[in-house]
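Peer 1: Below is a structure I'd like to ask you about.
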Amino acid sequence: FPSHDSAWYIGAGMLLTTLSFSFFLAITEFCVIAFKSKPFLPHFEFSSVALRSKSVTEMVRFSAAIATTTVIWLFVTQIDKVIISAKIPIDQYGYFSTTVLVANFILLLSSTCSSVLMPRFCALHAQGNYLAVRALYLQSTSFIAAGSLFILTVSTYLPFELLYIWSSDVEFSNYGADLLFYYAMGN
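The sequence shown maps to residues 11 to 197 in the working numbering.
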């Protein structure tokens, strides 16, 4: 655990206060949203729903698999930042995290496109129009691949220029140019 004079030290009292406040805020937000949305929801009686143990078991298995995958993905994507934050000074960590943010534009492009296209995929699938699903999948994959390739090419071959155009800071651009190359290739 870091020493008390470390810039990253958070006292136990401060951590407990922060977590308590976050918990209180989450509960309050849930209650307000539930209260405000109740008039817009149809009347629902729990006794009218027949729960079958098989369907509940399948749902719990699926939810557990999604939760496990999410935790593993968070660990894999964030562990480098945790390790590096302990090894470099805070001013260099600022440069590092900003460079990583620029490199993550590739992931941002693909996740944004997926979020936009998912309702259309679901609608086409529900209509049984599998040829349209396939055509949309191929078009969106081509678009995402072309966009990602463009961002990757610029990030790989012109990292200093990209960072300088984005920040107008020569020191930051010099520091982040090599780092951006490797993170862009990794993404």
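Ideal Cβ positions, reconstructed from N, Cα and C, are used throughout, including at glycine.
Being a predicted model, the structure only gives us computed values, none of them experimental.
Could you check what DSSP says for Asn184 in three-state terms: helix, strand or coil?
Peer 2: Your numbering for residue 184 matches position 174 in the sequence shown. Correct three-state label for Asn184: helix.
Peer 1: Can the beta-carbon of Ile116 be found closer than 8 angstroms to that of Ala44?
Peer 2: Reading the sequence shown from its first residue, position 106 is the one you call residue 116. Reading the sequence shown from its first residue, position 34 is the one you call residue 44. Cβ distance not < 8 angstroms, so Ile116 and Ala44 don't count as in contact.
Peer 1: Taking only the alpha-carbon atoms, compute the straight-line gap between Arg130 and Leu146 and give it to the nearest angstrom.
Peer 2: Taking the first residue of the sequence shown as 1, we reach residue 130 at position 120. Taking the first residue of the sequence shown as 1, we reach residue 146 at position 136. Approximately 9 angstroms, taken between the alpha carbons.
Peer 1: Quick check on DSSP: helix, strand or coil for Gly138?
Peer 2: Taking the sequence shown and counting its residues from 1, one reaches residue 138 at position 128. The answer is coil: DSSP assigns Gly138 none of H, G, I, E or B.
Peer 1: Report the residue ranges of all alpha helix (DSSP H) runs contained in full by the stretch 72-133; include only those spanning at least 4 residues, in chain order.
Peer 2: Counting only runs of 4 or more, we get 100-113.
Peer 1: Taking C-beta to C-beta, are Leu168 and Ser183 nearer than 8 angstroms?
Peer 2: As a working note, residue 168 is residue 158 in the sequence shown. As a working note, residue 183 is residue 173 in the sequence shown. No, the Cβ-Cβ distance between Leu168 and Ser183 is not below 8 angstroms.
Peer 1: Below 8 angstroms CB to CB, which residues in the same chain sit around Ala187 once its five sequence neighbours on both sides are set aside?
Peer 2: Position 177 of the sequence shown, counting from 1, holds the residue named residue 187. Same-chain partners within the cutoff: Pro169, Phe170, Leu173.
Peer 1: Where Ser95 and Leu51 are concerned, what is the direct C-alpha to C-alpha distance, given to the nearest angstrom?
Peer 2: Counting from one through the sequence shown, the residue named residue 95 turns up at place 85. Counting from one through the sequence shown, the residue named residue 51 turns up at place 41. Going by the C-alpha atoms only, they are around 46 angstroms apart.
Peer 1: At the level of alpha carbons, what is the spacing between Val86 and His53?
Peer 2: Here residue 86 corresponds to residue number 76 of the sequence shown, with the count starting at 1. Here residue 53 corresponds to residue number 43 of the sequence shown, with the count starting at 1. Computed Cα separation, rounded: 43 angstroms.
Peer 1: Span of the alpha helix (DSSP H) holding Pro52?
Peer 2: Walking along the sequence shown from the start, residue 52 turns up at place 42. Note, Pro52: premise wrong, no alpha helix (DSSP H); not H, not E.
Peer 1: Is the distance from the Cβ of Ala113 to the Cβ of Leu190 below 8 angstroms?
Peer 2: In the sequence shown, the residue the question calls residue 113 occupies position 103. In the sequence shown, the residue the question calls residue 190 occupies position 180. Yes.
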